[in-house]
Structure formats: C-alpha cells, structure tokens
Amino acid sequence: MVLLHPEQIQFPDTNRCNRDGLLAIGGDLSVPRLLLAYRSGIFPWTDEPITWWSPHPRAIFDLQTYQPPRRLADKMKKRPFELTFDRDFASVIQNCSKPAPGRETTWISPAFIAAYTALHRAGHAHSVEAWKEGKLVGGVYGVCIGGFFAGESMFHRETDASKIALTHLLFRLRDAGFQLFDTQVLSPLTERLGAFEIPRADYLQRLAAATALRVEFPRE
Numbered sequence: 003m004v005l006l007h008p009e010q011i012q013f014p015d016t017n018r019c020n021r022d023g024l025l026a027i028g029g030d031l032s033v034p035r036l037l038l039a040y041r042s043g044i045f046p047w048t049d050e051p052i053t054w055w056s057p058h059p060r061a062i063f064d065l066q067t068y069q070p071p072r073r074l075a076d077k078m079k080k081r082p083f084e085l086t087f088d089r090d091f092a093s094v095i096q097n098c099s100k101p102a103p104g105r106e107t108t109w110i111s112p113a114f115i116a117a118y119t120a121l122h123r124a125g126h127a128h129s130v131e132a133w134k135e136g137k138l139v140g141g142v143y144g145v146c147i148g149g150f151f152a153g154e155s156m157f158h159r160e161t162d163a164s165k166i167a168l169t170h171l172l173f174r175l176r177d178a179g180f181q182l183f184d185t186q187v188l189s190p191l192t193e194r195l196g197a198f199e200i201p202r203a204d205y206l207q208r209l210a211a212a213t214a215l216r217v218e219f220p221r222e
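Quick note: the sequence shown uses our numbering, first residue 3, plus one each step.
Here it is in structure tokens:
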C-alpha cells in the first residue's frame, strides 16, 4: 500500500496491492485522476481517507456471451419498465447512495456524488433508468472509457428494475461494440446474473484493448 501525495498524479504498479486489493491512500477525486485510475485498473472505494483498489481476482461480465437468467429474460419480454439512458443521472446516483434492505450503508458519499457527477458532465459517467408510470423505480450508473464500462452501483424500487436496467445496458453495450464490462468485486447478486472472476493480469490486458477502442455510449 502506497501513500499518495496531493501533487502525485501517477499511481503505483498494481502489483503493489495488498492481499485485499488496496493499492494506495490519498490524492483526490478529480476527473483527470479518476480517468487515470480506471484506465489503470484502479478505482476508489472510500473518501475519508480516499482509498484506491485493484482487486485480484477481478469480476466482469462477458459482453460477448452474456445471457440473462431465463426468468429475468422472460420478464423483460413483457417490457414492464421504460428504459432510458442518461435521462436522470443525478437521481440514479442519489438513489444508489441511499440505504436499502440488505444495504444499510453505502460508500457513495457526497464527495463521490460530486466526483461522479463531474465525470458525467465530462462525458465519462452514464446512467440507465427504469421508469414505471412516470416514476423512477430503478437504475444503474458507471464509468465509460472507449469500449470499457465499469458498473458502479444500482438500485431498485420495484422488483427486478435494477436487474433489467443492467441487462438492457449489457445488451446495448455489446451492440455498440464495447468489449469489457467491469463489476469490480463479485457479489452473490452479480454472480447469479452471470458475472465471474478473472486474474488481474488478464483483466488489465482486456482493459487496455477495450479503452483503446473508439466506440460511443448508447443513446436512447
């Protein structure tokens, strides 16, 4: 683990991570630093202090082979929600920051909201929204660089709303030519949806290839 001085821009090599994936402490959450972090296979997890992580193994969805669970696919055919892109990023990240059953606390602090909102304004953070009868009932947001997307968090107020928003995003990214969807650390939910782990070295190779692509985030 390395202590970053405020003027230090470059991150240390990810091989210097500790067993849990913690690489460095310090720095800031500016747009340039966040973009450098994601391009390097690193992401922040706390803001007091700011901590930077690159876990091994790394969890991803395979965009080329992804298929949702059958029950979810059947529900999607009924089109229970209106799905949009970047219509209300602010509400999505605010809802992701709120406690929910099974998630009494989140890492999404006001500092994180401000940082990722700045990334959104810079064109590198995006959201997918699920609407029902005009109300926002679910969504997901994350970071986009080239043909790479890092899923950060999601929320739901209606059953399966976040899962359907995520699945819709995965399909649309595949259609747009994206090559890598990062979900960082495997959870029981993402594993049920089809995420799996790969070695950090493999992830970094995929990341370099994906971020070099010239593709655009999907639009409505």
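We treat Cβ as the ideally placed atom computed from N, Cα and C, and that holds for glycine. Keep in mind the model is a prediction, meaning the values are calculated, not measured.
Beta-carbon proximity check, residue i vs residue j, cutoff 8 Å
i	j	result
G1	L5	Past the edges of the chain, shown from 3 to 222, lies residue 1, and the structure says nothing about it.
A178	P220	yes
M3	L36	no
A113	D49	yes
H122	F157	no
F63	I44	no
Status (buried if at least 16 other CB within 10 Å, exposed otherwise) for residue i
i	result
P190	exposed
T192	buried
A127	buried
E154	buried
S42	buried
S56	buried
A132	buried
S32	exposed
R72	exposed
D15	exposed
R81	exposed
G148	buried
K165	buried
Q207	exposed
Endpoints, alpha helix (DSSP H) assigned at residue i
i	result
K77	72-79
Y40	33-41
D64	Premise fails: D64 is in no alpha helix (DSSP H) and is neither H nor E.
H206	According to the sequence shown, residue 206 is Leu rather than His. Where L206 is concerned, the enclosing alpha helix (DSSP H) stretches over 202-213.
T192	190-195
Span of the beta strand (DSSP E) around residue i
i	result
D184	182-186
T48	45-49
A167	It is not in any beta strand (DSSP E) - A167 instead sits in the alpha helix (DSSP H) that spans 163-178.
I11	Neither: I11 is in no beta strand (DSSP E) and is coded neither H nor E.
T53	52-55
G28	24-28
Residue i Cβ short of 7 Å to the ligand FAD heavy atom set
i	result
V139	The model on display carries no ligand, and the ligand FAD is accordingly not part of it.
| request: Mind the definition here: the region 94-103 touches the region 133-146 only if three or more C-beta pairs lie below 8 Å; say whether that holds. | output: Under the three-pair Cβ rule at 8 Å, the region 94-103 counts as touching the region 133-146.
| task | Output the residue ranges of the alpha helix (DSSP H) runs that lie fully inside the region 80-157 and measure 4 residues or longer, sorted by chain position. | result | 91-98, 112-123
| query | Are three or more beta carbon pairs between the region 208-222 and the region 179-186 nearer than 8 Å? | reply | yes
| said: Using a Cβ distance threshold of 8 Å, determine whether the region 112-131 contacts the region 84-95, with at least three qualifying pairs required. | reply: yes
| query | Should the region 203-213 be regarded as contacting the region 105-125, the criterion being three or more beta carbon pairs within less than 8 Å? | reply | no
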